[in-house]
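Asks: To convert, note that position 726 of the sequence shown is 726 in full-length UniProt numbering; the numbers rise steadily by one, no gaps.
We put the CB at the ideal spot given by N, CA and C, even for glycine.
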Amino acid sequence: MKYRELIKKMTLEEKASLMSGKDFWQTQEIERLGINSMFLADGPHGIRKQAVAADHLGLNVGIPATCFPTAATVANSWNEELGERVGEYLGEEAISQKVNVLLGPGVNMKRNPLCGRNFQYYSEDPYLAGKMAAGYIRGIQSHGISACVKHFCANNQEERRMAIDTIVDERTLREIYLTAFEIAVKEGRTRAIMSSYNMINGTYTNENMHLMRDILRGEWNYKGCVITDWGGSNDRIAGLLAGNELEMPTTAGETNEEIIKAIKSGKIKEEVLDECVDRLLELIFTTEEVYKRPHIEFDVDKHHRVAQKVAEESIVLLKNEENILPLKYGKKVAVIGDFAKNARYQGAGSSIVNPTILDHTMDCFNESGIISIGYEPGFERYGKKDKKKIEKACELARKADVILLYIGLDEVTEADGLDRQSMSIPENQIELLNALYTVNSNIIAILSCGSAVEMPWISKLKAVLHGYLGGQAGSRAILRILSGDVNPSGKLAETYPIRYEDTPSFHNFPGKEVSVEYREGIYIGYRYYDTASVDVLFPFGYGLSYTTFEYSDIHVSRYGATFKLKNSGNVAGMEIAQLYIGCKSKEIFRPKKELKGFTKIFINAGETKTVTIPFDDKTFRYFNVKTNKWEVEESEYEIMIGASSDDIRVKDTIFIEGTGAPLPYDKAALQSYYSGKTNNVTVEEFERLIGRKVPVSKWDRSKPLGYNDTIAQCQYAKGIFARFSYYMIVFAYWFLRKIGKRSTANIIMMSIYHMPFRGIARVTGGVVNMPMLDGILMMVNGNFFKGLVHLLKERNKKLKSPKNK
Ligand code: BGC
1 MKYRELIKKM
11 TLEEKASLMS
21 GKDFWQTQEI
31 ERLGINSMFL
41 ADGPHGIRKQ
51 AVAADHLGLN
61 VGIPATCFPT
71 AATVANSWNE
81 ELGERVGEYL
91 GEEAISQKVN
101 VLLGPGVNMK
111 RNPLCGRNFQ
121 YYSEDPYLAG
131 KMAAGYIRGI
141 QSHGISACVK
151 HFCANNQEER
161 RMAIDTIVDE
171 RTLREIYLTA
181 FEIAVKEGRT
191 RAIMSSYNMI
201 NGTYTNENMH
211 LMRDILRGEW
221 NYKGCVITDW
231 GGSNDRIAGL
241 LAGNELEMPT
251 TAGETNEEII
261 KAIKSGKIKE
271 EVLDECVDRL
281 LELIFTTEEV
291 YKRPHIEFDV
301 DKHHRVAQKV
311 AEESIVLLKN
321 EENILPLKYG
331 KKVAVIGDFA
341 KNARYQGAGS
351 SIVNPTILDH
361 TMDCFNESGI
371 ISIGYEPGFE
381 RYGKKDKKKI
391 EKACELARKA
401 DVILLYIGLD
411 EVTEADGLDR
421 QSMSIPENQI
431 ELLNALYTVN
441 SNIIAILSCG
451 SAVEMPWISK
461 LKAVLHGYLG
471 GQAGSRAILR
481 ILSGDVNPSG
491 KLAETYPIRY
501 EDTPSFHNFP
511 GKEVSVEYRE
521 GIYIGYRYYD
531 TASVDVLFPF
541 GYGLSYTTFE
551 YSDIHVSRYG
561 ATFKLKNSGN
571 VAGMEIAQLY
581 IGCKSKEIFR
591 PKKELKGFTK
601 IFINAGETKT
611 VTIPFDDKTF
621 RYFNVKTNKW
631 EVEESEYEIM
641 IGASSDDIRV
651 KDTIFIEGTG
661 APLPYDKAAL
671 QSYYSGKTNN
681 VTVEEFERLI
691 GRKVPVSKWD
701 RSKPLGYNDT
711 IAQCQYAKGI
721 FARFSYYMIV
731 FAYWFLRKIG
741 KRSTANIIMM
751 SIYHMPFRGI
761 ARVTGGVVNM
771 PMLDGILMMV
781 NGNFFKGLVH
791 LLKERNKKLK
801 SPKNK
């Protein structure tokens, strides 16, 4: 232990006090020993430091900070170095706001397009997500502070995120859900990790010995800290044993007391606590170094310009019929769509940034050189139908050569704690498009949203430019691509299915009451569509440019693939070349293609470059559930270089010697997995994959409600009081939506409906403690008066305790 001497000087109480927050964002200090408090702040695409009222739902504004494009956007750049630059700028702003730990990036996989937080995550591919995250982390930590990779792990839905049990087989966990974290730890060298809210195979992640001890600390040799997600701690002692250094936010010392008791009673050894303290001290001492230097304000304008450059490299051109883009000089353009006036540029919830500057399309038009003949909103942002708006938009459209139609999702739809209800954009926007099409068919859509949407209307468009969530300078970046000042170079980091029903987890998202079964196994995103031959709207890795590229002369060696890349068009541009592998042996089931490398290269018109994409430790490995290790299967492998996962331009094969591990599966018992058609696997076959029975996925309605049951379960509680409260909550939600207050309605869902009872104690900062919660549970379970008396008694006890004086 590095701080053994210092730890020896600490009392048990002092050590335990460090194990949870002082308040919502800060850690505890011990003045007499020179141990200062740390400040932790969101977030992944801009600093959300709350100076006054604190919350983890984005309700109260933070100090102004640059809002960079969100992770889903920057992932489309496929540029690790760009990620590193974003990280550097984030780090610089964190320092200027005295933040020790920046709560990001989020590297969860996009298992399903409806996950409400997909906008905060990079990709459906773990390799791409891991590489981008490693770049961010290196950038953030280059300033001496710490990143905090989240949410570890398999937190792939927002619904019931604090209680859901993710049932997943070990191979899928390793290959799909852990690989990005592994890269973040080994290549990004993150110094902090946030455990997720959910359980994995029956145990909360924060207490999961296999995840935290065997894999994270053991196999990956992680020396940093584990921090709970806000209010996510379940059993503090189990968390400590698994190696959790910090529970956030504060519990007003309640769980520190539990630690002290557990040590005094001999339940756990003091050394366990000492080790956690040692790792936490390392984080505190190393991240505070930076504050000893003179304070420097960051350059707001420069950071804004950087945010614009990042957006320019991340925007994806999805369709461009008749080369309508870039816009020809002198064309008269009608700008239609509410998003042109009020940019949609980030998601809601814990990552929300209070931008320093905010560009809106209509304010940047003049400098773009594009000639606008006017603007009409065309639709009401939050979905209300308005015929007048459509008529006015059509009137304008008639006079124009081209229509720029700004459509997408509103900010209430993509948020923490809530999943989307469908993959479509609001009906009133589709109606507008249909009406515009009858008067002028030269329509270019500019999409603003952070996740995949269905586009059954795409044939009515000549071009689609996907801006994703471009941050505070995103609108200007889009205009620069429309005008041709910038050649688009982004490619999709996720697949766009034709219909939601086509997605591999369609039948198993967001799961049943208690659990969600990852029956599709390793086949998420393109791994599924490609292997099961399901047509998609836009494949993973797809994106157009104003120029064209030709691939040739592939040469594969033991070290990687080399090929020639020519810019065969008329303008300079950047191409993202992707390396996929396919194993020719059919002994172990695998996706047809898996991304194992990529590179982004700038090439002048007419120029040819020689490009090499190296292999690495992940190129040929697979996780063998028999040996419980990464192995390599002896086989011929196809090495494919593509412009997208569905557009392989050159390929070759290579023979690779294996590690000689025994075959892990019985082929006949896992036919869906061997065919890749895993969108509707039976429970029996899934049980054969995971090697055990799946747990009961429905709530046990006969049992009294406990700490880990959710408020939603009050619907069948014994106590009339609880059932009444449940119906009040449901009514309030319905009513608020009815009167158009969707955002407030969502807060009810996020922060009340799906919250487990223990969460009441965990997020109220000690206002309600666990003994008081016991009283509440008695009331819920039918002992109203007894519970009320208990609640009041415990409340009085708390108020009279010396700590509250
Ligand atoms: C989110 C985290 C976030 C934390 C603090 C949680 O609800 O899941 O991503 O960092 O709140 O705001």
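(1) Lysine 110: beta carbon under 7 Å from a heavy atom of ligand 1?
(2) Whether or not the segment 752-772 and the segment 225-240 are in contact is what I'm after, with contact meaning three or more pairs of Cβ atoms, one per stretch, closer than 8 Å; do they touch?
(3) Taking just the CA atoms, how far does glutamate 391 sit from isoleucine 430?
(4) Can you list, in chain order, the residues of its chain with a C-beta nearer than 6 Å to that of lysine 15? Leave out the 5 residues immediately preceding and following it.
(5) Verify whether the separation of the beta carbon atoms of isoleucine 588 and tyrosine 637 is less than 8 Å.
(6) Quick test of your reading: tyrosine 345 and glycine 470, contact by CB under 8 Å. State the CB separation rounded to the nearest angstrom.
(7) So what does isoleucine 324 bridge to, in DSSP terms?
(8) Do the segment 62-69 and the segment 105-114 meet, that is, are 3 or more Cβ pairs less than 8 Å apart?
(9) Could you spell out where the beta strand (DSSP E) holding alanine 643 opens and where it closes?
(10) Unbroken alpha helix (DSSP H) runs of length 4 or more, entirely within the segment 423-491: which are they?
(11) If arginine 795 sits next to methionine 772, beta carbons under 8 Å apart, how far is it from one beta carbon to the other, in whole angstroms?
(12) Just confirm the distance between the C-beta atoms of glycine 560 and phenylalanine 540, as a whole number of angstroms; I'd bet it's less than 8 Å.
(13) Would you mind reading off the limits of the alpha helix (DSSP H) that contains arginine 688?
(14) Beta-carbon separation of valine 101 and threonine 356 under 8 Å?
(15) Compute every distance between the C-beta of leucine 114 and the non-hydrogen atoms of ligand 1, then say whether any falls below 7 Å.
(16) Buried or exposed: where does valine 226 fall if 16 or more other Cβ atoms within 10 Å of its Cβ makes it buried?
(17) Determine which residues share a DSSP beta bridge with leucine 544 and list them.
(18) With DSSP collapsed to three states, give me the class of lysine 260.
(19) Taking the C-alpha atoms as reference points, what is the distance between glycine 34 and lysine 803?
(20) Any heavy atom of ligand 1 closer than 7 Å to the Cβ of leucine 103?
(21) Should threonine 610 go down as buried or exposed, given a rule of 16 or more other Cβ atoms within 10 Å for buried?
(22) To which residues of the same chain is threonine 678 closer than 7 Å at the C-beta, ignoring the five residues directly before and after it?
(23) Between the alpha carbons of valine 353 and lysine 49, how many angstroms are there, rounded?
(24) Pop quiz: glutamate 631 and isoleucine 656 are said to be a contact at Cβ under 8 Å. What is the actual Cβ separation, rounded to whole angstroms?
(25) What are the boundary residues of the beta strand (DSSP E) that threonine 653 is part of?
(26) If you check the beta carbons only, do valine 316 and lysine 491 fall under 8 Å apart?
(27) Quick one: using the 10 Å Cβ neighbour count with 16 as the cut-off for buried, is tyrosine 222 buried or exposed?
(28) Tell me whether lysine 392, by its Cβ, gets closer than 7 Å to a heavy atom of ligand 1.
(29) Please report how far the alpha carbon of threonine 166 lies from the alpha carbon of leucine 173, in whole angstroms.
(30) Could you check whether the Cβ of histidine 754 sits closer than 7 Å to any heavy atom belonging to ligand 1?
(31) Ligand 1 and lysine 150: does the residue's C-beta get closer than 7 Å to at least one heavy atom of that ligand?
(32) Between the segment 594-613 and the segment 121-130, do three or more beta carbon pairs fall short of 8 Å?
(33) For ligand 1, any of its heavy atoms closer than 7 Å to the Cβ of aspartate 23?
(34) Is there at least one non-hydrogen atom of ligand 2 closer than 7 Å to the beta-carbon of histidine 56?
(35) Counting C-beta neighbours from all protein chains within 10 Å, is the total for lysine 150 16 or more, i.e. buried, or is it exposed?
Replies: Well, looking at it:
(1) No, the Cβ of lysine 110 stays beyond 7 Å of every heavy atom of ligand 1.
(2) Enough Cβ pairs lie closer than 8 Å, so yes.
(3) Cα to Cα, isoleucine 430 sits roughly 14 Å from glutamate 391.
(4) Non-local beta-carbon contacts of lysine 15 in its own chain, meaning distances under 6 Å to residues more than five positions away in sequence, involve Leu273 and Val277 in chain order.
(5) Contact check for isoleucine 588 against tyrosine 637 fails: the beta carbons are separated by 8 Å or more.
(6) Sure, about 6 Å apart at Cβ, within 8 Å.
(7) None, per the DSSP bridge assignment.
(8) Taking 8 Å as the limit for Cβ pairs, the verdict is that the segment 105-114 does not touch the segment 62-69.
(9) DSSP places alanine 643 in the uninterrupted beta strand (DSSP E) bounded by 635-644.
(10) Whole alpha helix (DSSP H) segments, 4+ residues: 427-439 and 474-483.
(11) About 6 Å separates the two Cβ atoms, so the contact holds.
(12) Contact annotation, glycine 560 with phenylalanine 540: C-beta distance approximately 21 Å; criterion of less than 8 Å not satisfied.
(13) Here the alpha helix (DSSP H) through arginine 688 covers 683-690.
(14) No.
(15) No, Cβ of leucine 114 sits at least 7 Å from all heavy atoms of ligand 1.
(16) In summary, valine 226 is buried, with 16 or more beta-carbon neighbours lying within 10 Å of its beta-carbon over all protein chains present.
(17) Bridge partners of leucine 544: Leu317.
(18) One detail in the question is off: residue 260 reads as isoleucine in this sequence, not lysine. Looking at isoleucine 260 - three-state DSSP - the assignment turns out to be helix.
(19) Whole-angstrom Cα-Cα distance: 23 Å.
(20) Checking every heavy atom of ligand 1 against the Cβ of leucine 103, one is found closer than 7 Å.
(21) Burial call: exposed.
(22) If we look at threonine 678 and ignore the five residues flanking it on each side, its Cβ neighbours are Pro504, Arg519, Glu520, Gly521, Tyr523, Tyr528 and Ser672.
(23) Between the alpha carbons of valine 353 and lysine 49 lies a gap of roughly 9 Å.
(24) Actually they do not touch by this definition, with Cβ atoms about 12 Å apart.
(25) Here the beta strand (DSSP E) through threonine 653 covers 647-656.
(26) Cβ atoms of valine 316 and lysine 491: closer than 8 Å.
(27) Flag for tyrosine 222 reads buried.
(28) Not under cutoff, so the answer is no.
(29) Each residue's alpha carbon lies about 10 Å from the other.
(30) Because no heavy atom of ligand 1 lies under 7 Å away, the Cβ of histidine 754 does not count as near it: no.
(31) Yes, the beta carbon of lysine 150 sits closer than 7 Å to at least one heavy atom of ligand 1.
(32) Counting Cβ pairs under 8 Å, three or more are found: they touch.
(33) The nearest non-hydrogen atom of ligand 1 is 7 Å or more from the C-beta of aspartate 23.
(34) Looking for ligand 2 in the displayed structure turns up nothing; the ligands present are ligand 1.
(35) By the Cβ-count criterion, lysine 150 is buried, with 16 or more other Cβ atoms from all chains shown falling within 10 Å of its own Cβ.
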